[in-house]
Amino acid sequence: MEVTPPEVSNISSSNSCANVNNTSQSELLEEIKALREEVTSLRCSRSASRRARNNSRKRTDFRFRQRSSSQSNGVCWYYRKYDSKAHKCIPPCFATTHYPYSTS
Numbered sequence: 001m002e003v004t005p006p007e008v009s010n011i012s013s014s015n016s017c018a019n020v021n022n023t024s025q026s027e028l029l030e031e032i033k034a035l036r037e038e039v040t041s042l043r044c045s046r047s048a049s050r051r052a053r054n055n056s057r058k059r060t061d062f063r064f065r066q067r068s069s070s071q072s073n074g075v076c077w078y079y080r081k082y083d084s085k086a087h088k089c090i091p092p093c094f095a096t097t098h099y100p101y102s103t104s
């Protein structure tokens with residue numbers, strides 16, 4: 001069995017690697033720029049949706065406040081819901097079967 005000695009091949013140095021590195025680096029910089037713009041866009045859209053959600057909550061809270069302020073007439077929820085058939089009135093409910101609550 002014959003063993004051949006290891007050979008060292010010559011590697012020519014060229015600027016092709018440097019060109020590839022510069023090209024890939026500029027492509028990476030462009031991609032980073034595009035990603036930054038996308039992140040900025042997403043942040044803006046998320047903050048806009050949060051504002052919309054917060055505004056809807058404010059309107060909802062306002063509706064509940066209006067409903068609770070209408071209870072100042074002294075009639076409990078049970079009487080408003082079931083009228084004269086309400087058996088679980090919550091004190092101080094001023095409604096009685098002699099004074100039916102009208103929703104009009």
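Read in full-length UniProt numbering, the sequence shown has 61 at position 61, and its numbers run on one by one without any break.
C-beta atoms are modelled at their ideal positions from N, C-alpha and C, and glycine is treated no differently.
If you're wondering where the values come from, they're calculated on a predicted model, not measured in any experiment.
- Which same chain residues, not among the five before or five after Cys89, have their C-beta less than 8 Å away from its C-beta? Its chain contains Cys76, Tyr78, Tyr79 and Ala95 as the residues whose beta carbon lies nearer than 8 Å to that of Cys89, once the 5 sequence neighbours on both sides are disregarded; these appear in chain order.
_Could you compute how far the alpha carbon of Ser9 sits from the alpha carbon of Asn21?_
24 Å
Notebook entry, point to check: Which word fits Ala34, buried or exposed, when buried means at least 16 other C-beta atoms lie within 10 angstroms of its C-beta?
Noted result: Exposed, by the Cβ-count rule.
Taking the alpha helix (DSSP H) that Lys81 belongs to, which residues open and close that run?
For Lys81, the enclosing alpha helix (DSSP H) has its first and last residue at Trp77 to Tyr82.
Leaving out five residues on either side along the sequence, give the residues of the same chain with a beta carbon under 8 Å from the beta carbon of Ile32.
Cβ within range, chain order: n/a, list empty.
Give the straight-line distance between the Cα atoms of Glu39 and Ser24, rounded to the nearest whole angstrom.
-> Correcting the residue type first, residue 39 is Val in the shown sequence and not Glu. Rounded to whole angstroms, Val39 to Ser24 spans 22 Å at the Cα level.
Residue from Arg51, Ala48, Arg46 and Cys93 with nearest C-alpha to Gly74 = Cys93
> Quick one: Cα of Glu30 to Cα of Arg43, how far?
Replying inline: 20 Å
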